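Asks: Got a structure here, written out as structure tokens. Questions coming.
Protein chains in written order, with our numbering: chain X, 1 to 434; chain W, 435 to 868.
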């Protein structure tokens, strides 16, 4: 029952007026990107579709609503029978978005679309915020792998979703086991400072870890003195030592020192992982340091300053008494056009680089080859299309993200604040052919 | 399995070395408050205790860990039998905290305490961040009720936790139905713009809502023209109209205009609710406006600029081979004292106002009357103490929060950035008596 109280009172009043059964189109979109960001990353779609397919009001929920008198008996009866039976279409998970991109649309009765509002926005707003932050970190990290390890700095279920979103945006792996279990992503981790402190000496701790996990493990070397720890680690593990981890101090200087020390001891293949409160800027600042991988936590799971994507879910058109669709909008922003399904295209130039986000109402115009259609159908009459959910959905979303990033002009990869890297243009179907 | 990969690899290595069974004390605390905040609010404790009491590794989890070879057979066998059997004590939920307040301590074997780390920090870091933000909003709102309505701007399970944390910090109610169901808190809501747009006219929408929910409902009056909507609402509902809601525009000016209009139409008892992207500063700015209640969303659920409380969970002492506890700490910060249970007191002056947070190691010194002990035992040998969880826990936490706030000096209620409003002082037991 991830639903706001008012969704149900609206349902009750709409059932009363009869308008609950009007066919409607709701659209989720962001009016703007977070301050200074050049693009956003759609995430959460697969997770959302899994949830919508199972969205029901059970006995426990209905009893609560009845006891609290949240809604009347007619509404309770409707809720008891509810299962989403409409259509859902929109941007593929992992795809980039820009202001007013029609990211997800729900076509159903008003009543059904209304039930999904809160849940749909929760998922998309959270997961897209994390993926959008993660994507910038991946850009900053270049070819070096990033490991998501922020679970402890966000709510426990958010942690699973954040980890999933990070992997879609290009993270190599996560510390979150539940995410590994649910979505098949790679999990990683070795030991914390407490493990060293538990033992009577650092040497004992290292020995226990090496004996139990093999020389390929990564040893945490900054509990006491880094140089002494690296020497101990190499003495115990030999040249096969997998890696060392630095979690505090001046990472730039330490990475150089530790690399030189490891090399001087013959451990040229021992990797260096750094993990101390990194964000996209700290990662970029370490580009010239001999670091092999980054562990990222707090900044990632809190959206690097933008913890929510600020998407909204608006009724954009609905049937009138005659069954014909009419566009609707708050106040004077109404646009004089027939509502219904929107189309969206990414305009690509002759070099395959994106130059604009084209959005229009009505049917998709015939494609001239350079414009990439962005809208996919995820659910039809309540039935899920294959390939968007579960582990396969995550894997495909990560591929989609990498491919869409490759289309963006280079300015998108600058970390500095700026405008959306391509403009969103509204077009009439007839103007698309060029 | 809200657990980081490395908790399990540490467990494996510690089982191997035998140190996994050493008695240990881990402590959760925040080294600092979010930038500029004067105090923090402990939240999540009840929810956490419910989760720890049920924390198990089931077949699905164990199969995954085995298939991925995350840990060896000895460790899998240990996990299959795991149920937390130690002690947990700390600050009451709703209590205020300051830098280094010993918010929650776990006393058990290393292995058991290690299993709880990620989950414990997820819950406390998220919920305390939300409660800390919510408390400032409540201060800004004075005697006017605040309604939590941010579910759509955060992950769906975070939304339930955020709503719960907001109520602990003084919010009157929430839009989140699941929170109402789980924790017995009051839920509220009426209708959105989409409800008005669904109907052929605003008048039809108002009529439907009034017929279905009665004149005491709150009508949303800013879909088209506010003045016209208020006149329609009063014409349809009469003087019994419960309230009107404003969700856009210049709320300060509109609140004055709408109040004057309602009064001129005889609706002196119709309330005004405002709900447009409010934060603690916007609420404060409306203090002189004729507003009856505030609906708060995005800013609340994202922690008003501080989405995580940055608490850490550190091994502070553990038994050696002889069974005696020794204090441990990373690098040179080790303190020369015998570890174990910490005590904490809030020092109150003769007027009952807090002047310091006193923290010490060892047994609680005898109290002289003015110092309020802060540590409670929540779980003993794995058994929950009564009163901290469920709806009762939330109710008591809200009372605790209000009582603790009343003890703070006035400077705590200023929204401006500043230092923690009372200092944290480390004391030896012998120096406490004064």
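Where is the CB? At the ideal position from N, CA and C, for every residue including glycine. Predicted model only: the values in this text are computed from it and were never measured.
Nearest chain X C-beta to residue 529 of chain W closer than 8 Å, yes or no?
Replies: Cβ-Cβ to chain X under 8 Å: no for residue 529 of chain W.
Asks: In angstroms, rounded to a whole number, what distance separates the CA positions of residue 402 of chain X and residue 126 of chain X?
Replies: If I take the Cα positions, the gap works out to 20 Å.
Asks: For the segment 491 to 507 of chain W, enumerate the residues whose C-beta is nearer than 8 Å to any C-beta of chain X, in chain order.
Replies: Under the 8 Å Cβ criterion, the segment 491 to 507 of chain W contributes 494, 495, 498, 499, 502, 504, 506.
Asks: Excluding the five sequence neighbours on either side, which residues of its own chain have a C-beta within less than 8 Å of the C-beta of residue 310 of chain X, listed in chain order?
Replies: Once the five neighbours on either side are set aside, the close Cβ partners of residue 310 of chain X are 30, 31, 32, 34, 125.
Asks: Between residue 843 of chain W and chain X, is there a C-beta pair that is closer than 8 Å?
Replies: No, residue 843 of chain W lies away from the interface with chain X (no Cβ there is under 8 Å from its Cβ).
Asks: Taking all protein chains shown into account, decide if residue 528 of chain W is buried (16 or more other Cβ within 10 angstroms of its Cβ) or exposed.
Replies: Per the 10 Å Cβ criterion, buried.
Asks: Report buried or exposed for residue 569 of chain W, applying the criterion of at least 16 other Cβ atoms within 10 angstroms of its Cβ.
Replies: Result: buried.
Asks: What's the gap between the Cα of residue 717 of chain W and the Cα of residue 739 of chain W?
Replies: Their Cα atoms are separated by approximately 16 Å.
Asks: Rounded to the nearest angstrom, what separates residue 633 of chain W and residue 163 of chain X at their Cα positions?
Replies: If I take the Cα positions, the gap works out to 41 Å.
Asks: Out of W/472, W/552, W/539, W/442, point me to the one whose CA is closest to residue 498 of chain W's CA.
Replies: Measuring from the Cα of residue 498 of chain W, the nearest candidate turns out to be W/442.
Asks: Which residues of the segment 195 to 210 of chain X have a Cβ closer than 9 Å to any Cβ of chain W? Give them in chain order.
Replies: Hits within the stretch, in order: 195, 196, 197, 198, 199, 200, 204, 205, 207, 208, 209, 210.
Asks: What did DSSP end up calling residue 314 of chain X once you bin it into helix, strand or coil?
Replies: Three-state DSSP puts residue 314 of chain X in a strand.
Asks: For residue 818 of chain W, which residues of its own chain have a beta-carbon under 8 Å away from its beta-carbon, when the five flanking residues on both sides are left out?
Replies: Around residue 818 of chain W: 483, 487, 812.
Asks: Looking at residue 274 of chain X: is its Cβ nearer than 8 Å to the Cβ of residue 286 of chain X?
Replies: In contact: residue 274 of chain X and residue 286 of chain X (Cβ atoms closer than 8 Å).
Asks: May I ask which residues mark the beginning and end of the alpha helix (DSSP H) holding residue 839 of chain W?
Replies: Residues 824 to 841.
Asks: Based on DSSP bridge pairs, tell me the residues matched to residue 587 of chain W.
Replies: Paired residues: none, contrary to the question.
Asks: Mind pulling the chain W residues with CB within less than 8 Å of residue 191 of chain X?
Replies: Going along chain W in sequence order, the residues near residue 191 of chain X (Cβ under 8 Å) are 440, 443, 444, 447.
Asks: For residue 181 of chain X and chain W, any beta-carbon pair shorter than 8 Å?
Replies: Judged by the 8 Å Cβ criterion, residue 181 of chain X is in contact with chain W.
Asks: Please report whether the beta-carbon of residue 653 of chain W lies at a distance below 8 Å from any beta-carbon of chain X.
Replies: No, residue 653 of chain W does not count as interfacial toward chain X.
Asks: For a cutoff of 8 Å on Cβ pairs, would you count residue 647 of chain W as touching chain X?
Replies: Yes - at least one Cβ of chain X is within 8 Å of the one on residue 647 of chain W.
Asks: With 16 other CB atoms within 10 Å as the buried threshold, where does residue 397 of chain X fall?
Replies: Its Cβ being crowded by 16 or more others within 10 Å, residue 397 of chain X is buried.
Asks: Is the Cβ-Cβ distance between residue 300 of chain X and residue 189 of chain X less than 8 Å?
Replies: It is not a contact, given that the beta carbons lie outside the stated cut-off.
Asks: Shorter than 8 Å from the beta carbon of residue 548 of chain W to some beta carbon of chain B?
Replies: The structure shown contains no chain B; its protein chains are X and W.
Asks: Excluding sequence positions up to five away, which residues of its chain have a Cβ less than 8 Å from the Cβ of residue 277 of chain X?
Replies: Cβ within range, chain order: 297, 298, 299.
Asks: Skipping 5 residues on each side, what residues in its chain have a beta carbon closer than 6 Å to that of residue 334 of chain X?
Replies: Here the model assigns residue 334 of chain X a pLDDT of 40, short of 50, so the residue's position is not dependable, and the following value carries that caveat. The answer is none, since no qualifying residue turns up.
Asks: To the nearest angstrom, how far is the alpha carbon of residue 157 of chain X from that of residue 490 of chain W?
Replies: Distance between the alpha carbons of residue 157 of chain X and residue 490 of chain W: 16 Å.
Asks: Cβ closer than 8 Å: which chain X residues qualify as neighbours of residue 450 of chain W?
Replies: Here the neighbours are 208, 211, 212.
Asks: Could you have a look at residue 469 of chain W and say whether DSSP puts it in helix, strand or coil?
Replies: Of the three classes helix, strand and coil, the one that applies to residue 469 of chain W here is coil, per DSSP.
Asks: Whose Cβ in chain W lies nearer than 7 Å to the Cβ of residue 178 of chain X?
Replies: Ordered by position in chain W, the residues that pass the 7 Å Cβ test against residue 178 of chain X are 435, 436.
Asks: State the start and end residues of the unbroken beta strand (DSSP E) segment that holds residue 230 of chain X.
Replies: Careful: residue 230 of chain X lies outside any beta strand (DSSP E), inside the alpha helix (DSSP H) at 226 to 237.
Asks: Between the Cα of residue 315 of chain X and the Cα atoms of X/68, X/102, X/81, which residue gives the shortest distance?
Replies: When only C-alpha atoms are compared, the closest one is X/102.
Asks: For a contact meaning CB atoms closer than 8 Å, what does residue 732 of chain W contact in chain X?
Replies: Going along chain X in sequence order, the residues near residue 732 of chain W (Cβ under 8 Å) are 308, 310.
Asks: Which chain X residues sit within Cβ distance under 8 Å of residue 562 of chain W?
Replies: By Cβ distance, chain X contributes nothing, its closest Cβ being about 11 Å from residue 562 of chain W, past 8 Å.
Asks: Provide the residue span of the alpha helix (DSSP H) that contains residue 559 of chain W, from first to last.
Replies: Residues 544 to 575.
Asks: Give the straight-line distance between the Cα atoms of residue 133 of chain X and residue 307 of chain X, rounded to the nearest whole angstrom.
Replies: Whole-angstrom Cα-Cα distance: 9 Å.
Asks: Buried or exposed, going by whether 16 or more other CB atoms sit within 10 Å of the CB of residue 85 of chain X?
Replies: Looking at its Cβ environment, which holds fewer than 16 other Cβ atoms inside 10 Å, residue 85 of chain X is exposed.
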